[in-house]
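*Asks:*
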Amino acid sequence: MQRGLRYKLVPKPPFAIQWESKHKKSYSGKGNFNMVLTGRLAGIRKKTVAGLVAAATLLGGLSLGMAASETASAAPLRDSYAETVGNASFEAARNEYGLTKDMRDGATLHTFMWSFETIKEHMEEIAQAGYTSIQINNVSAVKDNSELGKGNWYLNWYYIYQPINTTVGNYILGSEDEFRQMCDIAHQYGVRVIVDAVANHFTSEWEVIDPSWQNKDYFHPQAPINDYNDREDCTQHTLSGLWDLNTQNSEVAQRMAEFYRKVVADGADGFRYDAAKHIELTNEFGGSQYWNTILPNGAQYQYGEVLQDKNVRETDYAAMFNDSSINGGGVTASDYGQEMRNSMNDRSVNTRFFTDFRLNAPVNQLVTWIESHDNYCDRQSEKFTEQQVRTAWATMNARGKAMTLFFNRPYASGGTQEWFSEKSKIGDVGSDDWKQPGVVASNHFRNAMVGNDENIQNCGGDHCVMVERYKSDGNASNDGVLVATTERGGQDLAGMSTKLDNGTYKDEVSGSTITVSGGKITSGSVEANTVAAFYTPKVDTTPISSAEAMPNKGDFEDTKDITLRSFNMANASYSTSEGASGSFNDGDIITIGAGSAGGADVTVTVTGTGNNGKSVSHTYTYHKGAQTPVESVTISGDGVNNGRLDMDLNASTSAQLTATVTPSDATVRNVAWTSSDPSVATVSSSGLVRGKKAGTTTIKATAGGVSASITVTVTGEIVTPQGTTVYYPSDKFGVDSTYIHYRVGTGAWTTAPGAKMEEACDGYVAFTIDNPDQQAVELTFNNGSSNWDSNGGQNYKGSGEDILVENGRLTEGAAPCAVIPVVPVTSVVINSNDFSIQEGASKKLAATVLPANATNPTVTWTSSNTAVATVASDGIVRGVKFGIAKITATADGKSASVTITVTKGDDPTPVVPVESVAISGTGVSAGKASINVGAGLNLNATVLPSNATDRTVTWSTSNASVASVANGTVRGIKAGNAVITATAGNKSASIIVTVENNGAVLQSISISGSGVANNKLTLAQNKSVQLSVKATPANATVGAAYWTSSDPSVATVDGNGKVTAKAEGVTAITVTASGKSAAIVVTVTKNGGSSDRFSDVPAGVSFHDEIEWLAAQGITNGYSDGRF
């Protein structure tokens, strides 16, 4: 679990601030159950005093510890090891699938958020895929958030880590009976079960905690962790507001121990302890005996989530967990996981990423991963594709050095897809990559090579890596090598040195072979983006094929969407008990229920033939609840009278309608709203009618096949609002700490965290986005730091004058606060015409704002040239120096201006004002011009009279995304229109520039010319070469080219690209055209040839030209023997 992220209401958006992963958890320990009380007694904090009393009791004869131990041992324990590895039936199944005897020697599949039923259905495939164990989520009862999210990943996944009591079963995974059945099925296939144990805390909401646990003595005081590197702060305070269990309390320890013994008795074989470093080690604070009490539970393997940081004592935790059960245990190697992600980020499989586990504990006490659920859900690994994960996983896994954990991502999510696509629901099986042939081959290879030596080396570069496992016993069937490559290329393996015995080795995935002789691979190769396992398999390696439906069960009221899944299938088809049938592809959705009466079961059967030649057939049953039919629907709401609604757009642009469905207990109460003419008025899913233009339309509400309608007549003309006001609950992030991060249309996002929202009314904050064109807006919210509400990574999107975002839902047209009518400013008038004043003189101006009751009548004064004249906030204008300036008064977007001429007090020379500005240029006609995308246009501005005092011309564009302008040079950016304006002395002229697509967009440019090769050119002194610009693609238009030389003393270049060599040396010639640039290195020598002054720096080696230049400048002469 990650600090502050798993339990917040919403994760961060794609652009949000990234938390430092090292500060997520921290812990320590001594490695056995007999740790003495720490000597840190001086200055101990109040919160450990109660624990010290318990410690004193413990030290005074050990009576408390003995009593706890005896109580913990009183209940009969299930011996997981004896009932699995010691059971003949289990062993037969384990050996059939080649799974490892010790859990730490094998791979573990993290069935993240799979239900018990889903796991049962896939258990055979899990065994076939070579997973020794599965790791499931927390099985205790948790806070139920199912109604809010309706099964969505984003709104539910973190609630699995918020227990409310110590009973088995929850709304995400299933019941205790289903858990027992799932464990039994796992053991029938030789697979063992690890349960994610939340032993550090309960949910943050006290009122939902089970009453039997609502005792404040059971929890540490509610105080947040301030320093994650302070052991006492980290272990005795609350993580993200969650109620932190009082682990010094013996009753808490006993109750938790009883719970874990029960989970083992139900069939669990091991535990992963969430947030383990937030629980003190034995005797570390307050004489804690918590771990001593809960760990003796019958499990055969236990490990802790101990994310690495300063002062964590990871090795002590590792030793403690390893000693806790017969099959061992340990801790998470989180820094090693970061190295795996670094390798993917670098698109490299260099061995340096894989060889150092970055934790000073025995390797058999480590659990490693490429990504964990925290990494993925906190968006640290979301960007990596399944192929990248697969390559890194196969390499790490094949080494066999530590237990490996394969995280199963949500279906159709991550990489190039959405973070949480929500194309599956919690409880469903995730992505199919866990059974992809390369991943499976890695598992089979690892299992077959237990006990073998290892050698890891790169093959031909850091795009290819080989993991060799060998015995050197002369028997090739005992040896093997796994080869993984990135997308950067394949590799011919011939000539690679190897530890393998002589023989031919076959790849489990492709069937290709390599041959080994005399310590060398003599033949064989691998393709790019490949995992190849060359060895002799010990199990059936037929690729897995599957077809299924999800969810795999469920009750529904009216209709239900079913997602059909297909993996490695030659063909797949479905049929329903309602008569529908057909073929399908992976991810296709069908809807069931419309053809069935209430109370009926609906079945969906999927069948097909896999690419492995095996037939697949599964039937899924769903129950449609008993139906109470809708008898009538009536529409009421603002202004509705006798089935009519009149809307005057001059007075109101929206009306809220309500549909009443009878009877009140009708099964289908969802109402669908439609408008017969959306161009006149639209209607939202919540019944909000928005007028668009004058006309008539029919608004209909339908529920359960029964409809009602009203006639809406729209009159008047809509006044487009100038902004979009967004409302958000103030209790989410606080009245003074709620920020809105947004963009309008497809424009740029605000800079994170965005704009601070202000209190609008009791319970809400608001912010008005400037949006005169009423484009759609895209929104996220945050607390100015790490907590974000980004709608599950999909952001909130809406349009209109008012938007309310509340409880994960966006409602258009909703304004929860009483709105004071806004009276816009219509005009601003200044009480003066244009005037003149002398330098140093002043004049008071006043502005009148109309209408008098305008909501925002505040006037701001500005000067176009403060070097000539300034204006104060009260309208006082002061002449600064000789010249002309424009003084403007603005209120609520309306403005008025006067021109001021400043004269010298002692100089009678009159100021000559500009009378006109005219624009001309090639292709300009009747105030218009056209250019292609990427092309340029040179404009000139003529200022009259010629003796005008202020002749400085400034250029501007109305749309820089279409056409830019600088010093009169226009550049076409994309198709569209832009107004180009030239201004001088408060007079302006404009032309319309139309930018047209020319069929090819310029991607890049390069420099060509006689003698240019590999972006280099060598010239003799005083020689010249004509260079030219080459476009890519060749039919793209290139505008005006601008040539420069970085050192004109070596070589010059004119405006047409002609280069002239001046003196020995090196310079860069650069050309810029249509926003693209290219450069070549020009070396000038005495004779134009390649000068080889130094015997050890011949032409063609790196830095040859640069070293020759240094010698030519006399900066270096090299050694006397002719070497550099």
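Per our numbering, residue 47 is the first one in the sequence shown, and the count goes up by one each step.
Glycine included, each C-beta is placed from N, C-alpha and C at the ideal position.
1. Can you name the start and end residues of the beta strand (DSSP E) that Thr-561 belongs to?
2. Kindly indicate the opening and closing residues of the alpha helix (DSSP H) around Met-386.
3. For Leu-1173 versus Asp-519, is the C-beta spacing smaller than 8 Å?
4. What does a CB cutoff of less than 8 Å around Val-948 pick up in its chain, not counting 5 residues either side in sequence?
5. Terminal residues of the continuous beta strand (DSSP E) containing Gln-348?
6. Using the Cβ count rule (16 or more neighbours within 10 Å means buried), how would you classify Arg-1017?
7. Less than 6 Å between C-beta atoms, sequence neighbours within five positions excluded: which residues of the same chain meet that for Val-729?
8. Count the C-beta pairs between the stretch 486-504 and the stretch 616-625 that are closer than 8 Å, then say yes if the count reaches three, no if not.
9. Would you check if the stretch 1087-1102 and the stretch 1113-1122 touch, i.e. whether three or more CB-CB distances between them fall below 8 Å?
10. Out of Met-302, Val-790, Ala-640, state which residue places its alpha-carbon closest to the alpha-carbon of Gly-846.
11. Could you say if the stretch 249-260 and the stretch 325-336 meet the contact criterion of at least three C-beta pairs nearer than 8 Å?
12. With a threshold of 7 Å (Cβ to nearest heavy atom), would Asp-242 be considered close to the ligand GTP?
13. Residues in its own chain within less than 7 Å of Asp-230 by CB, not counting five upstream and five downstream?
14. How about the stretch 967-985 and the stretch 1030-1038: do they share at least three Cβ pairs that are nearer than 8 Å?
15. With a 10 Å radius around its C-beta and 16 neighbouring C-beta atoms as the bar for buried, classify Thr-532 as buried or exposed.
16. Beta strand (DSSP E) containing His-669: first to last residue?
17. For the stretch 668-677 and the stretch 631-651, state whether three or more C-beta atom pairs, one from each stretch, are separated by less than 8 Å.
18. Could you tell me whether the stretch 770-781 touches the stretch 741-757, where touching means 3 or more Cβ pairs closer than 8 Å?
19. Which residue wins for smallest C-alpha separation from Val-244, given the options Val-214, Asp-273, Tyr-235, Phe-225?
20. So what's Leu-1156 in DSSP terms, helix, strand or just coil?
21. Kindly identify the DSSP beta-bridge partner or partners of Thr-792.
22. For Ala-28 and Asp-782, what's the separation of their Cα atoms in angstroms?
23. Between the alpha carbons of Ser-831 and Pro-799, how many angstroms are there, rounded?
24. Nearest to Asp-315 by CA position, among Tyr-204, Ser-370, Gly-536, Gln-482, is which residue?
25. Alpha carbon to alpha carbon, how far is Thr-441 from Thr-576?
26. Between Thr-857 and Ser-732, how many whole angstroms is the CB-CB distance? I'm expecting something under 8 Å.
27. Confirm, please, whether the CB-CB distance from Gly-859 to Asn-817 is below 8 Å.
28. Can you give me the start and stop residues for the beta strand (DSSP E) that Tyr-516 sits inside?
29. Which value, in whole angstroms, describes the spacing of the CA atoms of Pro-209 and Val-241?
30. For Val-1232, I'd like the list of residues in its chain whose CB is within less than 8 Å of its CB, leaving aside the five on either flank, ordered along the chain.
31. Do Tyr-319 and Asn-292 come within 8 Å of each other at the CB atom, strictly closer than that value?
32. What three-state label does DSSP hand Gln-482 in the structure shown?
33. Does the beta-carbon of Gly-1031 have 16 or more other beta-carbons within 10 angstroms, so that it is buried, or is it exposed?
34. Taking a contact to mean a Cβ-Cβ separation below 8 Å, would you say Ser-186 touches Asn-202 in this structure?
35. With H, G and I counted as helix, E and B as strand and the rest as coil, what does DSSP make of Lys-471?
36. By alpha-carbon positions, which one of Leu-825, Gln-821, Gln-820, Asp-819 ends up nearest to Ala-812?
*Replies:* The relevant details are as follows:
1. Translated into the one-based positions of the sequence shown, residue 561 becomes position 515. If you look at Thr-561, you'll find it in the beta strand (DSSP E) that goes 559-563.
2. One-based indexing of the sequence shown puts residue 386 at position 340. Going by DSSP, Met-386 is part of the alpha helix (DSSP H) stretching over 380-391.
3. The structure shown does not extend to residue 1173, since the chain is modelled only from 47 to 1170, so the question has no answer here.
4. Looking up residue 948 in the sequence shown gives position 902. Answer for Val-948: Ser-882, Ile-883, Gln-884, Glu-885, Val-914, Ala-915, Gly-925, Val-926, Lys-927, Phe-928, Gly-929, Ile-930, Ala-931, Val-957, listed in chain order.
5. Position 302 of the sequence shown, counted from the first residue, corresponds to residue 348. Segment 347-350, the beta strand (DSSP E) holding Gln-348.
6. Looking up residue 1017 in the sequence shown gives position 971. So Arg-1017 ends up on the buried side.
7. Position 683 of the sequence shown holds residue 729. In its chain, beyond the 5 residues on either side, Trp-719, Ser-721, Val-735, Ile-745 have a beta carbon closer than 6 Å to the beta carbon of Val-729.
8. Short answer: they don't touch.
9. Touching, yes.
10. Residue mapping note: residue 846 aligns to position 800 of the sequence shown, counting from 1. Residue Val-790 is the option with its Cα nearest to Gly-846.
11. At 8 Å Cβ cutoff, the stretches do not touch.
12. As for the ligand GTP, it is missing from this structure, which has no ligand bound.
13. On the sequence shown, residue 230 is found 184 positions in, with the first residue counted as 1. When the five nearest sequence neighbours on each side are left out, the beta carbons in the same chain lying within less than 7 Å of the beta carbon of Asp-230 are those of Gly-313, in order along the chain.
14. Segments in contact, yes.
15. The sequence position of residue 532 within the sequence shown is 486, counting from 1. Its Cβ being crowded by 16 or more others within 10 Å, Thr-532 is buried.
16. Within the sequence shown, numbered from 1, the residue matching residue 669 stands at position 623. Residue range 661-670 is occupied by the beta strand (DSSP E) that includes His-669.
17. Touching, per the Cβ criterion.
18. Between the stretch 770-781 and the stretch 741-757, the count of Cβ pairs shorter than 8 Å is below three; the stretches do not touch.
19. As a working mapping, residue 244 is identified with position 198 in the sequence shown. Nearest to Val-244 by C-alpha distance, out of Val-214, Asp-273, Tyr-235, Phe-225, is Val-214.
20. As a first step, residue 1156 must be located in the sequence shown, where it is residue number 1110. Leu-1156 sits in a helix when the DSSP states are folded into three classes.
21. If you number the sequence shown from 1, residue 792 lands on position 746. Per DSSP, Thr-792 has no beta bridge partner at all.
22. Absent from the model: residue 28. The displayed extent of the chain is 47 to 1170, so no value can be given.
23. On the sequence shown, position 785 is the one that residue 831 refers to. On the sequence shown, position 753 is the one that residue 799 refers to. In this structure, the CA atom of Ser-831 is about 7 Å from the CA atom of Pro-799.
24. Working through the sequence shown from its first residue, we reach residue 315 at position 269. Of Tyr-204, Ser-370, Gly-536, Gln-482, the residue nearest in Cα terms is Ser-370.
25. For the purposes of this step, residue 441 is taken as the residue at position 395 of the sequence shown. For the purposes of this step, residue 576 is taken as the residue at position 530 of the sequence shown. Within the model, the alpha-carbon separation for Thr-441 versus Thr-576 is close to 11 Å.
26. In the sequence shown, counting from the first residue as 1, residue 857 sits at position 811. In the sequence shown, counting from the first residue as 1, residue 732 sits at position 686. With a Cβ gap of about 6 Å, Thr-857 and Ser-732 count as contacting.
27. The sequence position of residue 817 within the sequence shown is 771, counting from 1. The sequence position of residue 859 within the sequence shown is 813, counting from 1. No Cβ-Cβ contact shorter than 8 Å links Asn-817 with Gly-859.
28. Mapped onto the sequence shown, residue 516 falls at position 470. 510-516 is the extent of the beta strand (DSSP E) around Tyr-516.
29. Mapped onto the sequence shown, residue 209 falls at position 163. Mapped onto the sequence shown, residue 241 falls at position 195. In a straight line, the C-alpha of Pro-209 is about 14 Å away from that of Val-241.
30. The displayed coordinates of the chain run from 47 to 1170. Any statement about residue 1232 would go beyond what the structure contains.
31. As a first step, residue 292 must be located in the sequence shown, where it is residue number 246. As a first step, residue 319 must be located in the sequence shown, where it is residue number 273. No, these two residues do not count as a Cβ contact at 8 Å.
32. Here residue 482 corresponds to residue number 436 of the sequence shown, with the count starting at 1. Judged by DSSP in its simplified three-state form, Gln-482 adopts coil rather than helix or strand.
33. Here residue 1031 refers to the residue found at position 985 of the sequence shown. By the neighbour-count rule (16 or more Cβ atoms within 10 Å), Gly-1031 is buried.
34. Along the sequence shown, one-based indexing puts residue 186 at 140. Along the sequence shown, one-based indexing puts residue 202 at 156. Against a cut-off of 8 Å, the Cβ pair of Asn-202 and Ser-186 comes out as no contact.
35. Residue mapping note: residue 471 aligns to position 425 of the sequence shown, counting from 1. Look at Lys-471 here: in three-state DSSP terms it is coil, with no helix or strand label.
36. Here residue 812 corresponds to residue number 766 of the sequence shown, with the count starting at 1. The candidate whose alpha carbon is nearest that of Ala-812 is Leu-825.
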